[in-house]
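Contents: one structure, followed by commentary.
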Amino acid sequence: MSKMTDCPVCDAEIKLEEGTEQGELLSCAECGSELEVININPAEVAEAPQEEEDWGE
Ligand SMILES: [Zn+2]
10 MSKMTDCPVC
20 DAEIKLEEGT
30 EQGELLSCAE
40 CGSELEVINI
50 NPAEVAEAPQ
60 EEEDWGE
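Under the numbering used here, the first residue of the sequence shown is numbered 10, with each subsequent residue one higher.
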């Protein structure tokens, strides 16, 4: 059974697929934000911490 929650950034619906685990990273289909699953029951996601990426320049 999948669970629904809302994107904390843009409020779009986020569907957690069956088998989603706490700590998993998702991206919002609407705004593209990286989201971390912080709770499964109830379903809850938070904006994932942005990792510093080295773009090689
Ligand atoms: Zn979003």
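Just so you know, even glycine gets a beta-carbon here, dropped at the ideal spot from N, CA and C. Just so it is clear, the structure is predicted and the values come from calculations on it, not from any experiment.
Shortest alpha-carbon distance to residue i belongs to which of the options?
i: residue 30; options: 61, 50, 60; result: 50
i: residue 59; options: 52, 14, 35; result: 35
i: residue 13; options: 33, 54, 19; result: 54
i: residue 17; options: 11, 32, 46; result: 46
Between residue i and residue j, what straight-line distance do the alpha-carbon atoms span, to the nearest angstrom?
i: residue 38; j: residue 63; result: 25 Å
i: residue 28; j: residue 48; result: 13 Å
i: residue 40; j: residue 24; result: 14 Å
i: residue 20; j: residue 42; result: 11 Å
i: residue 15; j: residue 52; result: 9 Å
i: residue 11; j: residue 32; result: 16 Å
When the distance is taken between beta carbons, is residue j closer than 8 Å to residue i?
i: residue 26; j: residue 44; result: no
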